[in-house]
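2 protein chains.
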Amino acid sequence: MDKEKTPKLNTEQPQESRRRFLGKGAMLGLAGAGVSLLSGCKEDAPAKASASASAAAKAVAGGHEVAPGQLDDYYLFSSGGHSGEARIMGVPSGRTLRRIPVFNIDPMVGWGITNESKAIMGTNPDGSLKYTTGDTHHVHGSYKEGTYDGRWLFVNDKIHSRIARIRMDTMECDKITELPNVAGFHGIFPDKRDPVDPKINYTTRVFCGGEFHVPLPNDGRDLDDPSKWGALFSCVDAATMEVRWQVRIDGNCDLVATSYDGTLAASNQYNVENAPDQVGMMAAERDACVFFNVARIEKMIKDGKSTTIGKSKVPVVDGRKAANGDAKTAITCYVPVGKNPHGVNASPDGKYFVCSGKLSPTATVIELALVTKWFNGELKTERDTVVAEPEIGLGPLHTAFDGKGNAFTTLFLDSQIVKWNVDKAIAQFKGDKTVKPVLDKVDVHYQPGHGYASMGETKDADGKYFNSGNKFSKDRFLPVGPLHSETEQLIDISGDKMRVISDHTAYPEPHDAIIVRRDLVKTRQIYNMDDFPNAVKPENAGIERKGNKVHVRLMSQAPAFSMPVIKVKKGDEVTITLTNYDKVEDLTHGCAIPNYNINFIVNPQETKSVTFKADKPGAYWMYCTHFCHALHLEMRSRFLVEA
Amino acid sequence: MDKEKTPKLNTEQPQESRRRFLGKGAMLGLAGAGVSLLSGCKEDAPAKASASASAAAKAVAGGHEVAPGQLDDYYLFSSGGHSGEARIMGVPSGRTLRRIPVFNIDPMVGWGITNESKAIMGTNPDGSLKYTTGDTHHVHGSYKEGTYDGRWLFVNDKIHSRIARIRMDTMECDKITELPNVAGFHGIFPDKRDPVDPKINYTTRVFCGGEFHVPLPNDGRDLDDPSKWGALFSCVDAATMEVRWQVRIDGNCDLVATSYDGTLAASNQYNVENAPDQVGMMAAERDACVFFNVARIEKMIKDGKSTTIGKSKVPVVDGRKAANGDAKTAITCYVPVGKNPHGVNASPDGKYFVCSGKLSPTATVIELALVTKWFNGELKTERDTVVAEPEIGLGPLHTAFDGKGNAFTTLFLDSQIVKWNVDKAIAQFKGDKTVKPVLDKVDVHYQPGHGYASMGETKDADGKYFNSGNKFSKDRFLPVGPLHSETEQLIDISGDKMRVISDHTAYPEPHDAIIVRRDLVKTRQIYNMDDFPNAVKPENAGIERKGNKVHVRLMSQAPAFSMPVIKVKKGDEVTITLTNYDKVEDLTHGCAIPNYNINFIVNPQETKSVTFKADKPGAYWMYCTHFCHALHLEMRSRFLVEA
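Structure below.
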């Protein structure tokens with residue numbers, strides 16, 4: 002086996018190589034992945050380990066088209082993967098209603114260009130952006146009384162271990178926080194209630210699963226000794242976006258879920274082995290779902306039983322197994338689950354957590370009340386919290402719920418969605434051999450990653466729609482070259498049988514998303530000018546010079562900027578502050594300055610600013626880039642830079 | 002009137018102010034713009050100047066849904082406005098099949114991050130990108146025998162006056178050229194045939210309309226004397242992407258069209274006045290559509306009758322009216338058309354150009370044969386080339402054709418599409434008072450800019466679909482904050498009456514697009530590894546060090562990179578070249594390096610590279626960001642930077 006610890010590529014025969022690498026120890030499902038990926042169609046997939054797809058469950062279209070002028074029933078808030086953005090789609094139409102730039106530069110809105118956005122994104126000492134890439138995986142909304150309150154969305158960046166917050170009234174990012182000593186920040190979930198004060202029945206914390214283990218601190222030490230590396234689970238304050246505390250854990254965290262009663266956060270772990278190589282990461286037959294006792298963690302920190310790591314001042318407590326031998330004082334509980342799990346989700350009735358196996362054809366159902374019992378020292382082992390472990394298909398990843406007792410899990414290797422009943426799975430686990438937990442399966446195209454149901458992450462789960470976020474589209478859309486779109490398949494789950502009702506495309510690569518009832522989202526359609534302290538007023542509009550610093554205070558109103566001519570000198574540091582005086586919904590103006598790499602927009606009543614050095618003499622037509630009026634094309638002013 | 006030359010903003014009463022600014026001299030249509038924009042709905046629009054919308058033409062949905070697994074019939078290639086990108090949509094589904102980064106940074110694919118893309122985009126001496134913003138307005142495909150050959154797309158950047166080319170086999174940008182001495186490069190159109198050699202019946206040139214007039218050269222001279230400024234019309238070689246020649250013109254160029262016989266290029270002009278201010282730009286009752294005699298221009302240049310401007314070596318000839326008094330030797334012909342036109346389009350039968358008035362409720366039909374006659378000295382005035390000027394509605398902008406003799410024009414102020422018959426318009430212009438050129442009108446939502454028909458810019462115009470690119474969506478979609486999506490409305494134009502069949506969203510702000518039959522597009526679905534001279538081979542894979550320059554030659558094959566550990570020293574200049582050895586369609590890998598702001602993808606058999614300074618000691622998990630395999634999450638290597 003030693004030979005196989007370092008993956009070797011056989012560049013001549015990729016399929017052979019992959020199979021050889023997987024080795025004899027690999028699971029049936031894993032070998033299946035190779036075949037399935039190479040063929041890209043269900044027909045060539047290996048024999049199913051469980052019930053085959055129902056003939057009645059074939060894709061059927063129609064009946065869910067959103068006609069011109071009609072509105073969608075739901076918002077779908079999605080991550081955008083390594084595009085660095087978040088997105089809003091309409092359900093069931095599949096219309097992309099908006100991109101929300103977060104970790105990426107967006108020249109359309111001026112994200113990463115305006116002074117205001119650069120301050121949120123973070124800059125180097127020279128004023129350039131610290132990072133321009135990001136990898137968003139999970140988006141979750143803030144809660145009140147177990148459902149969305151429409152206030153905030155939280156989204157992670159895996160590349161640079163940052164958490165961002167999006168205001169849901171304007172759908173714009175307003176804060177970004179970098180997590181100290183965390184690498185590969187993957188899963189994210191807001192809490193739903195305070196663990197101590199039941200009156201605080203809304204989100205005040207966001208939990209962040211750190212995936213990669215790295216030297217602590219990561220300053221060049223311990224490079225050759227991964228056994229000394231570690232991973233942290235972090236808690237961020239939802240209001241201030243400051244990091245409240247961190248827990249050092251065994252293994253790698255991945256996704257996160259929280260209990261409705263506020264007491265527990267959970268994270269699945271795919272590498273309890275703490276292995277630095279791939280074969281090692283698959284060594285153990287079981288990995289874990291780790292539970293965090295939030296109240297105990299915060300009590301420990303209050304009692305001063307924490308340390309810090311490197312330059313970070315964030316308190317860190319030890320959640321590793323060795324330090325948590327006594328359940329009655331433990332802050333963590335590692336529940337053994339199927340091999341290399343990818344996904345943990347809380348059921349809408351508040352009772353269960355479901356953790357899928359990925360390399361095991363099972364989903365593990367863990368009962369919240371039993372985890373609480375374990376923390377009280379009333380159970381023998383962590384495994385005693387498990388109440389079901391149905392065999393549901395190959396490559397199970399993420400589970401959603403319909404609020405009627407059913408679970409829907411994406412099967413990556415089978416390219417299917419499986420519907421199964423939680424109570425039946427519990428009965429089966431208790432020994433009832435007559436019960437069949439799996440109720441239905443439907444083919445998706447192809448290899449689903451995340452799946453999520455309408456309101457499925459809340460107590461208001463309504464069982465109407467399930468979206469399968471498929472990782473490969475292959476032949477589902479017109480070919481557009483080697484890079485493929487992803488397939489988002491919308492499934493009607495309101496009946497006994499699932500029905501695929503539409504295929505939508507998504508620019509790579511959305512991961513998780515939430516589907517939110519439209520009445521829960523209350524947006525502002527124009528800004529309040531007074532919300533901007535730097536709003537330009539008629540009395541201070543114009544040019545102000547202090548030495549070589551020039552401040553141009555400008556107003557826009559269709560179809561003109563307030564100054565037809567702006568004159569500065571070569572070498573000036575120019576700040577342009579622009580307030581849009583139009584009050585009409587949708588009347589946005591753009592402001593581009595040719596050869597100065599400037600473009601940004603101002604929505605109705607909004608103010609934004611840019612600062613740059615006027616280093617190129619000449620005449621430049623500053624023009625409106627966002628169509629505003631019949632004379633939009635004529636909306637341009639002369640920006641003159643004297644030599 | 003002097004007072005009104007400088008637009009003054011009345012911040013208290015925007016509507017009043019706009020009206021006052023527009024003044025008594027403004028057209029009915031213009032005043033209508035104010036009302037229409039402020040109200041945002043058809044009901045409040047001013048009384049129509051022509052036939053009202055047919056009751057039968059109301060929006061009707063259904064029947065054009067593309068079911069799961071079905072493919073679209075057409076590709077829609079669209080500009081992305083100030084997002085800086087181009088896009089591919091499917092028709093009729095409205096699915097966004099792909100974004101194509103061009104002038105923007107795209108962290109998903111690594112555009113603006115890889116060495117290869119940075120070389121195309123252009124860099125400053127310090128290696129940073131010269132520009133990261135762009136404003137794409139027009140996308141057009143290369144031609145062969147009057148229809149698309151599926152080879153190239155050309156797209157403009159208005160902010161920085163650049164033209165980009167996209168390879169249609171891979172749908173990636175492969176060249177970007179900056180036009181010298183051009184500001185506000187707006188319209189773009191490939192030629193369809195050589196003006197001299199009829200055997201060259203395909204695209205060899207691309208014509209570029211320069212919109213803004215600036216000092217020539219623009220180096221700080223003549224800042225206060227706009228009368229000395231000028232605008233240029235440019236010709237770019239389609240194969241080399243070098244600028245062949247430029248023509249100095251009177252007025253500002255805007256959109257471009259070309260004749261099917263290759264002899265003429267045309268551009269509408271909204272500012273024949275050469276005015277530097279808005280009121281001046283609207284002073285004349287007629288503007289122009291200027292025609293360029295391509296053969297004569299190239300003969301002049303061949304004969305050495307050209308100059309150059311500033312540091313540019315591109316030959317420039319004088320196309321201003323004063324230098325072109327004799328039609329028999331003239332290189333330009335300025336045909337008077339309706340006030341401030343925005344749009345010129347060639348009819349699929351090769352006979353006509355249609356130039357819309359914008360501030361005049363008319364479209365002007367110019368006959369190609371008569372323009373040729375004018376250049377031969379056989380006509381008295383330029384206006385004698387006009388064969389029709391039907392009154393079609395308020396704010397006409399762009400015209401498309403169905404190949405059956407009908408034209409479809411967007412009416413910005415009326416928020417309608419008007420269908421009118423070209424022959425009937427000609428008959429009316431000749432004096433037949435009984436004929437009614439306008440056949441139908443349909444409401445769109447709201448304020449359409451560009452409109453284009455399936456294959457409508459080719460001799461194969463098939464009259465199936467027309468897409469209305471509306472500039473305001475207002476209430477058409479679920480609200481997502483102050484920034485609105487645009488509305489793309491697909492209209493069935495196959496029958497006598499137009500039918501709006503679906504509303505799609507588009508991230509701001511698409512302008513023009515083309516709708517191409519799917520059989521004309523032949524893409525490559527995986528790359529040929531041999532096309533990449535720097536492709537990593539097993540025999541040269543690994544680390545090579547030369548002083549402090551380290552070259553890491555890496556291969557990817559799901560689910561692993563070829564090196565589990567990469568070790569460099571702080572201060573090294575690291576180049577990573579990555580070749581994807583997977584051969585399976587859609588099996589793309591990503592490569593992110595945390596804290597080093599690196600992410601890019603490699604599609605099957607593709608090679609890309611990045612170069613950066615290893616300035617942060619520590620251990621960083623280089624990981625795959627593009628889902629590839631069941632063990633995708635475990636596809637990560639240690640990138641170690643020794644202190």
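If you're matching them up, the sequences are chains H and V in order. Residue 617 in this note's numbering sits at position 616 of the first sequence, and the numbers go up by one each step. Residue 639 in this note's numbering sits at position 638 of the second sequence, and the numbers go up by one each step. Backbone N, C-alpha and C fix where the C-beta goes; we use that ideal spot for every residue, glycine too.
1. By Cβ distance below 6 Å, which residues in the same chain neighbour Asp415 of chain V in space, the five residues on each side in sequence not counted?
2. Of all the options H:Asn157, H:Ala324, H:His187, which has the alpha carbon lying nearest to the alpha carbon of Cys174 of chain H?
3. Secondary structure at Asp504 of chain H, three-state DSSP: helix, strand or coil?
4. I need the DSSP call for Leu414 of chain H, collapsed to helix, strand or coil.
5. Entirely within the stretch 507–593 of chain V and at least 3 residues each: give me those beta strand (DSSP E) ranges in chain order.
6. Tell me the start and end of each unbroken beta strand (DSSP E) in the stretch 471–497 of chain H that is at least 3 residues and wholly inside, in chain order.
7. Can you round the beta-carbon distance between Lys340 of chain H and Leu360 of chain H to whole angstroms, since I take them to be within the 8 Å contact cut?
8. Under 8 Å Cβ-Cβ, which residues of chain V neighbour Val244 of chain H?
9. Using beta carbons (cut-off 7 Å, strictly below), is His399 of chain H in contact with chain V?
10. If you draw a straight line from the alpha carbon of Tyr597 of chain V to that of Asp463 of chain H, how long is it in whole angstroms?
11. Whole-angstrom Cβ separation of Glu607 of chain V and Phe533 of chain V, contact assumed at under 8 Å?
12. Is it true that the CB of Leu265 of chain V sits closer than 7 Å to the CB of Val183 of chain V?
13. Within 7 Å of any Cβ in chain V, is that where the Cβ of Val423 of chain H sits?
14. Which word fits Lys229 of chain H, buried or exposed, when buried means at least 16 other C-beta atoms lie within 10 angstroms of its C-beta?
15. Taking its Cβ as the centre, do 16 or more other Cβ atoms sit within 10 Å of Leu479 of chain V, making it buried, or is it exposed?
16. Within 7 Å (strictly less), CB to CB, does Lys59 of chain H reach chain V?
17. Do you know how far the Cα of Glu86 of chain H is from the Cα of Thr435 of chain V?
18. Gln490 of chain V versus chain H: which residues are under 9 Å apart at the beta carbon?
19. Measure how close the beta-carbons of Gly111 of chain V and Phe601 of chain V come, nearest whole angstrom, since I'm counting them as under 8 Å.
20. Tell me whether Arg88 of chain H sits in a helix, a strand or coil according to DSSP, three-state version.
21. Leaving out five residues before and five after Ala644 of chain H in sequence, what residues of the same chain have Cβ atoms less than 7 Å from its Cβ?
22. Can you tell me which of V:Val103, V:Arg546, V:Pro605 puts its alpha carbon nearest to the alpha carbon of Asp531 of chain V?
23. Does the beta-carbon distance from Tyr447 of chain H to Ser455 of chain H come in below 7 Å?
24. For Glu243 of chain H, count the other beta carbons within 10 Å of its own beta carbon; 16 or more makes it buried, fewer makes it exposed. Which is it?
25. Can you tell me whether Ser638 of chain H is helix, strand or coil according to DSSP?
26. What does the Cβ neighbour count give for Ile693 of chain V, buried or exposed, with the cut at 16 atoms within 10 Å?
27. So Leu1 of chain H packs on Val481 of chain V, CB below 8 Å; how close in whole Å?
28. Buried or exposed, going by whether 16 or more other CB atoms sit within 10 Å of the CB of Leu197 of chain H?
29. Tell me, please, whether the CB atom of Arg99 of chain V is closer than 7 Å to any CB atom in chain H?
30. Locate the beta strand (DSSP E) running through Asn346 of chain H, then write down its first and last residues.
31. Identify whether Asn325 of chain H lies in helix, strand or coil by the three-state DSSP scheme.
32. Whose Cβ in chain H lies nearer than 8 Å to the Cβ of His485 of chain V?
33. Assign Met623 of chain V to one of three DSSP states: helix, strand, or coil.
34. What distance in whole Å lies between the Cβ atoms of Asn269 of chain H and Cys356 of chain H, which are believed to be in contact at a cut-off of 8 Å?
35. For the stretch 615–628 of chain H, which residues have a CB atom closer than 8 Å to at least one CB atom of chain V, in sequence order?
36. If you draw a straight line from the alpha carbon of Gly81 of chain V to that of Val103 of chain V, how long is it in whole angstroms?
Taking the definition as stated:
1. Locating residue 415 of chain V in the second sequence gives position 414, where the first residue counts as 1. The residues are Gly394, Leu395.
2. Here residue 174 of chain H is taken as the residue at index 173 of the first sequence, counted from 1. For Cys174 of chain H, the closest C-alpha among the options H:Asn157, H:Ala324, H:His187 is that of H:Asn157.
3. In the first sequence, counting from the first residue as 1, residue 504 of chain H sits at position 503. Three-state result, Asp504 of chain H: strand.
4. Working through the first sequence from its first residue, we reach residue 414 of chain H at position 413. In this structure, DSSP gives Leu414 of chain H a state outside helix and strand, which the three-state scheme calls coil.
5. Whole beta strand (DSSP E) segments, 3+ residues: 514–518, 543–547, 550–558, 566–570, 574–581.
6. Entirely contained in the stretch 471–497 of chain H, the beta strand (DSSP E) runs reaching 3 residues are, in chain order, 487–493.
7. Along the first sequence, one-based indexing puts residue 340 of chain H at 339. Along the first sequence, one-based indexing puts residue 360 of chain H at 359. Indeed, because the Cβ distance is near 4 Å, the residues count as touching under 8 Å.
8. Residue numbering aside, residue 244 of chain H sits at position 243 when the first sequence is read from its first letter. Val244 of chain H does not reach chain V, its nearest Cβ partner there being about 17 Å away, counting only Cβ pairs nearer than 8 Å.
9. Taking the first sequence and counting its residues from 1, the one referred to as residue 399 of chain H is at position 398. Residue contact check for His399 of chain H against chain V: no CB pair falls below 7 Å.
10. Walking along the second sequence from the start, residue 597 of chain V turns up at place 596. Walking along the first sequence from the start, residue 463 of chain H turns up at place 462. For Tyr597 of chain V and Asp463 of chain H, the distance between alpha carbons rounds to 43 Å.
11. Along the second sequence, one-based indexing puts residue 607 of chain V at 606. Along the second sequence, one-based indexing puts residue 533 of chain V at 532. About 7 Å separates the two Cβ atoms, so the contact holds.
12. As a first step, residue 183 of chain V is located in the second sequence; it is residue number 182 there, counting from the start. As a first step, residue 265 of chain V is located in the second sequence; it is residue number 264 there, counting from the start. Cβ atoms of Val183 of chain V and Leu265 of chain V: not closer than 7 Å.
13. Translated into the one-based positions of the first sequence, residue 423 of chain H becomes position 422. No, Val423 of chain H lies away from the interface with chain V (no Cβ there is under 7 Å from its Cβ).
14. Within the first sequence, the letter at position 228 stands for residue 229 of chain H. So Lys229 of chain H counts as exposed.
15. Within the second sequence, the letter at position 478 stands for residue 479 of chain V. Label assigned to Leu479 of chain V: buried.
16. For the purposes of this step, residue 59 of chain H is taken as residue 58 along the first sequence, with counting starting at 1. Residue placement at Lys59 of chain H is flagged as unreliable, the pLDDT there being 33, under the threshold of 50; a coordinate-derived value is accordingly withheld.
17. Locating residue 435 of chain V in the second sequence gives position 434, where the first residue counts as 1. Locating residue 86 of chain H in the first sequence gives position 85, where the first residue counts as 1. One C-alpha to the other measures close to 58 Å.
18. Numbered from its first residue, the second sequence carries residue 490 of chain V at position 489. Here the neighbours are Pro69.
19. As a working note, residue 111 of chain V is residue 110 in the second sequence. As a working note, residue 601 of chain V is residue 600 in the second sequence. That pair is a contact at about 2 Å.
20. Here residue 88 of chain H is taken as the residue at index 87 of the first sequence, counted from 1. In this structure, Arg88 of chain H counts as strand in the three-state DSSP scheme.
21. On the first sequence, position 643 is the one that residue 644 of chain H refers to. Lys571, Pro618, listed in sequence order.
22. Stepping through the second sequence from its first residue, residue 531 of chain V is reached at position 530. Comparing Cα-Cα distances from Asp531 of chain V to each of V:Val103, V:Arg546, V:Pro605, the minimum goes to V:Pro605.
23. As a position in the first sequence, residue 447 of chain H is number 446, starting the count at 1. As a position in the first sequence, residue 455 of chain H is number 454, starting the count at 1. Going by C-beta atoms, Tyr447 of chain H is not nearer than 7 Å to Ser455 of chain H.
24. In the first sequence, residue 243 of chain H corresponds to position 242, counting from 1. So Glu243 of chain H counts as exposed.
25. Walking along the first sequence from the start, residue 638 of chain H turns up at place 637. Residue state, collapsed to three classes: strand.
26. Residue numbering for chain V in the displayed model covers 2 to 644; residue 693 of chain V lies beyond these limits and cannot be assessed.
27. Residue 1 of chain H lies beyond the stretch modelled for chain H, which goes from 2 to 644, so this question has no answer here.
28. The residue labelled residue 197 of chain H in the question sits at position 196 within the first sequence. In the sequence as displayed, the identity of residue 197 of chain H is Val instead of Leu. Around the CB of Val197 of chain H, fewer than 16 other CB atoms lie within 10 Å, so the residue is classed as exposed.
29. Here residue 99 of chain V corresponds to residue number 98 of the second sequence, with the count starting at 1. Interface residue, yes.
30. Residue 346 of chain H sits at position 345 when you count from the first residue of the first sequence. Per DSSP, the continuous beta strand (DSSP E) segment holding Asn346 of chain H begins and ends at 345–347.
31. Numbered from 1 along the first sequence, position 324 holds the residue referred to as residue 325 of chain H. In the three-state scheme derived from DSSP, where H, G and I count as helix and E and B as strand, Asn325 of chain H is classed as coil.
32. For this step, residue 485 of chain V is matched to residue 484 along the second sequence. Chain H residues near His485 of chain V: Glu586, Asp587, Thr589.
33. Here residue 623 of chain V corresponds to residue number 622 of the second sequence, with the count starting at 1. DSSP places Met623 of chain V in strand when its eight states are reduced to three.
34. One-based indexing of the first sequence puts residue 356 of chain H at position 355. One-based indexing of the first sequence puts residue 269 of chain H at position 268. The distance from the Cβ of Cys356 of chain H to that of Asn269 of chain H is about 5 Å, consistent with a contact at the 8 Å cut-off.
35. Taking 8 Å as the Cβ-Cβ cut-off against chain V, the residues of the stretch 615–628 of chain H that qualify are Pro618, Gly619, Ala620, Tyr621, Trp622, Tyr624, Thr626, His627, Phe628.
36. Taking the first residue of the second sequence as 1, we reach residue 81 of chain V at position 80. Taking the first residue of the second sequence as 1, we reach residue 103 of chain V at position 102. Roughly 10 Å between the two C-alpha positions.
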